[in-house]
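I have placed the structure first, in the form of structure tokens, so that the comments after it can refer back to it.
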Amino acid sequence: MSKVGLCVAETVIAFTLLVLATYWMKRKGVLKQEDSPVFARLLTQAVLPATILYQLWTHPMSSESFTPVLVMFLSGTAALVISWLAGVLLKFDRESTGALMIVSSFGSSALIGYPIIQFAFENNTWALAEGIVISELGVGLPIFIFCPAVAMYFGGTFRGTEDLKKLAKEYFTSPILIAVVLGLAGAQMRIPDGMPVVDTLREALKMAQGATVVVSAIILGLQLSVQPPRGFWALIVVSIVVQMLFQPWMCNTVSNLLEVGAENRQILILISTMPAAILGPVFASRYNCAAKTATMLTFTHIVISPVLVPAVFSSLA
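Counting in the numbering used here, the sequence shown runs from 481 upward without gaps.
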């Protein structure tokens, strides 16, 4: 197994153990599936805003990073549109189409992407820093902006145009969007280190960020089912093709057209090949947008990633 494949496998197995531990606790009655909305609210109202604020505040974008970030953003946005078209053409129900869009658009760049970049570009601190910036601004930022909006609009609680005003108010006043704005503003202010209040705040945000993976694993474990939902196999084929095959191809093609540097092009291919983001089922659960379907799709992506990620990377990079 290649170094990249081994790294993916280690991360996937570790995360899978967390999900399966939660699933076991659900079967034993320690946790209940009805607890999932509580954890989803905890993540979307507290943990994620802290994570977003910390990451955007501490990773300002340089002029050199603009083009790779743009390529990553365009790739994810194109995938969002393609998955919506696939949902319409294949006549998936509204909630399943929303889940497909969430799962197929922006990948799990933080959970699996960072360790892979460290392995693939060993002793290259520039590559890791560049990977973090591309990941946070080209993947993380769109996830926090688009995915809640998609989940709200396609979720079962949305009943038409009369809910648009309520949806817009909830979206624009959400802690996630507020954290995005504050994080981008904080990055531009370039506040120096060494100020006790600022350093303490950053450390607190960093501590809160540590809960993201664990709480996400709990939500996936509570939503996980051994019985695939209706239409699952068509959904999983579409999502894998769009998320883990089309996006790397598009990133590679557009990078060549825009003359992106070789290392940045390789970083883009790696990040765009990542499986579905673990936050997708969180937003789906929070806004009643086929959470079980989103969970099964995401978990399947993660399980196949040790084989698919190295294969796609070696063929394109």
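We put the CB at the ideal spot given by N, CA and C, even for glycine. Treat the numbers as computed from the prediction; the structure is a model and nothing was measured.
In the structure shown, what three-state DSSP assignment does G618 receive? Start at 1 with the first residue of the sequence shown, and residue 618 comes out as number 138. Helix, per DSSP.
For T557 and V527, the rounded distance between their alpha carbons: Along the sequence shown, read from residue 1 onward, the residue named residue 527 stands at position 47. Along the sequence shown, read from residue 1 onward, the residue named residue 557 stands at position 77. The straight-line gap from Cα to Cα measures roughly 25 Å.
Cα-Cα separation between M730 and L560, rounded to whole angstroms: For the purposes of this step, residue 730 is taken as the residue at position 250 of the sequence shown. For the purposes of this step, residue 560 is taken as the residue at position 80 of the sequence shown. In a straight line, the C-alpha of M730 is about 13 Å away from that of L560.
Can the beta-carbon of G587 be found less than 8 Å from the beta-carbon of A774? Position 107 of the sequence shown, counted from the start, is the residue given in the question as residue 587. Position 294 of the sequence shown, counted from the start, is the residue given in the question as residue 774. Taking 8 Å as the Cβ cut-off, G587 and A774 do not qualify as a contacting pair.
Who are the near neighbours of K772 in its chain, counting only those whose CB is closer than 7 Å to its CB and skipping five residues on each side? Start at 1 with the first residue of the sequence shown, and residue 772 comes out as number 292. The residues are Q703, S705 and P709.
Three Cβ pairs or more, each shorter than 8 Å: is that satisfied between the stretch 676 to 686 and the stretch 752 to 767? no
Contact check, F726 vs I582, beta carbons under 8 Å: Position 246 of the sequence shown, counted from the start, is the residue given in the question as residue 726. Position 102 of the sequence shown, counted from the start, is the residue given in the question as residue 582. Cβ atoms of F726 and I582: not closer than 8 Å.
For G587, the three-state DSSP class (helix, strand or coil): Locating residue 587 in the sequence shown gives position 107, where the first residue counts as 1. It is a strand residue.
With distances taken Cα to Cα, identify the nearest neighbour of S795 among T778, M724 and T531. By one-based count along the sequence shown, residue 795 stands at place 315. With distances taken between Cα atoms, S795 lies closest to M724.
Where are the alpha helix (DSSP H) runs, 4 residues long or more, that stay fully inside the stretch 695 to 780, in chain order? You should have 712 to 720, 727 to 737, 742 to 752 and 759 to 766.
Three-way DSSP call (helix, strand, coil) for R507 in this model: The residue you call residue 507 lines up with position 27 of the sequence shown. Helix, per DSSP.
Is the Cβ-Cβ distance between L554 and V734 less than 8 Å? Counting from one through the sequence shown, the residue named residue 554 turns up at place 74. Counting from one through the sequence shown, the residue named residue 734 turns up at place 254. Yes. Within cutoff.
Validate contact between the stretch 497 to 511 and the stretch 650 to 658 using beta carbons, cut 8 Å, 3 pairs: Taking 8 Å as the limit for Cβ pairs, the verdict is that the stretch 650 to 658 does not touch the stretch 497 to 511.
Starting from the C-beta of P728, find all residues in its chain whose C-beta is less than 7 Å away, skip the five residues before and the five after it, and write them out in chain order. Taking the sequence shown and counting its residues from 1, the one referred to as residue 728 is at position 248. Excluding residues within five positions, the ones whose Cβ falls inside 7 Å are I749, S752, T753, V792 and L796.
Between the stretch 693 to 703 and the stretch 509 to 527, can you find at least three pairs of beta-carbon atoms closer than 8 Å? yes
Would you say A520 and V718 are within 8 Å of each other, going by their C-beta atoms? Working through the sequence shown from its first residue, we reach residue 520 at position 40. Working through the sequence shown from its first residue, we reach residue 718 at position 238. Result no, Cβ atoms of A520 and V718 do not sit closer than 8 Å.
Going by the beta-carbon positions, is the gap between S545 and I493 smaller than 8 Å? Locating residue 545 in the sequence shown gives position 65, counting from the first residue. Locating residue 493 in the sequence shown gives position 13, counting from the first residue. S545 is not a Cβ neighbour of I493, given a cutoff of 8 Å.
So, with DSSP's three-state summary, where would you put S654? Position 174 of the sequence shown, counted from the first residue, corresponds to residue 654. Residue state, collapsed to three classes: coil.
Going by other Cβ atoms of all chains shown within 10 Å of its Cβ, with 16 needed for buried, is N744 buried or exposed? Indexing the sequence shown from 1 puts residue 744 at position 264. Classification for N744: buried.
Report the three-state DSSP secondary structure of R574 (helix, strand or coil). Sequence index remark: in the sequence shown, residue 574 carries index 94 (1-based). If DSSP states are grouped into helix, strand and coil, R574 belongs with the helices.
Hey, quick one: how far does the alpha helix (DSSP H) through Q689 stretch, first residue to last? Position 209 of the sequence shown, counting from 1, holds the residue named residue 689. Looking at the DSSP string, the run of the alpha helix (DSSP H) that includes Q689 is P676 to Q689.
When burial is assigned at 16 or more other CB atoms within 10 Å of the CB, is V568 buried or exposed? Within the sequence shown, residue 568 is the residue found at index 88, counting from 1. The residue in question, V568, is exposed, as its Cβ has fewer than 16 Cβ neighbours within 10 Å.
Same chain, Cβ closer than 7 Å to V695, neighbours up to 5 away in sequence not counted: Taking the sequence shown and counting its residues from 1, one reaches residue 695 at position 215. These residues qualify, in order along the chain: F519, L522, L523 and V527.
Less than 6 Å between C-beta atoms, sequence neighbours within five positions excluded: which residues of the same chain meet that for A489? Reading the sequence shown from its first residue, position 9 is the one you call residue 489. Excluding positions up to five away in sequence, the list reads P786.
Whole-angstrom Cβ separation of S576 and G690, contact assumed at under 8 Å? Your numbering for residue 576 matches position 96 in the sequence shown. Your numbering for residue 690 matches position 210 in the sequence shown. Rounded, the Cβ-Cβ distance is 33 Å, inconsistent with contact.
Alpha carbon to alpha carbon, how far is M552 from Y534? Taking the first residue of the sequence shown as 1, we reach residue 552 at position 72. Taking the first residue of the sequence shown as 1, we reach residue 534 at position 54. The alpha-carbon atoms of M552 and Y534 are separated by roughly 21 Å.
Mind reading off the beta-carbon distance from P548 to G618? Whole number of angstroms is fine, and I expect it under 8 Å. For the purposes of this step, residue 548 is taken as the residue at position 68 of the sequence shown. For the purposes of this step, residue 618 is taken as the residue at position 138 of the sequence shown. Right, the Cβ-Cβ distance comes to about 7 Å (below 8 Å), so this counts as a contact.
Could you tell me the boundaries of the alpha helix (DSSP H) in which R670 lies? For the purposes of this step, residue 670 is taken as the residue at position 190 of the sequence shown. Looking at the DSSP string, R670 is not in any alpha helix (DSSP H), and its letter there is neither H nor E.
Kindly list the residues whose CB is nearer than 6 Å to the CB of T800, restricted to its own chain and excluding five residues on each side of it in sequence; keep chain order. With the chain represented from 481 up to 797, any question about residue 800 goes unanswered, as that position is not in the structure.
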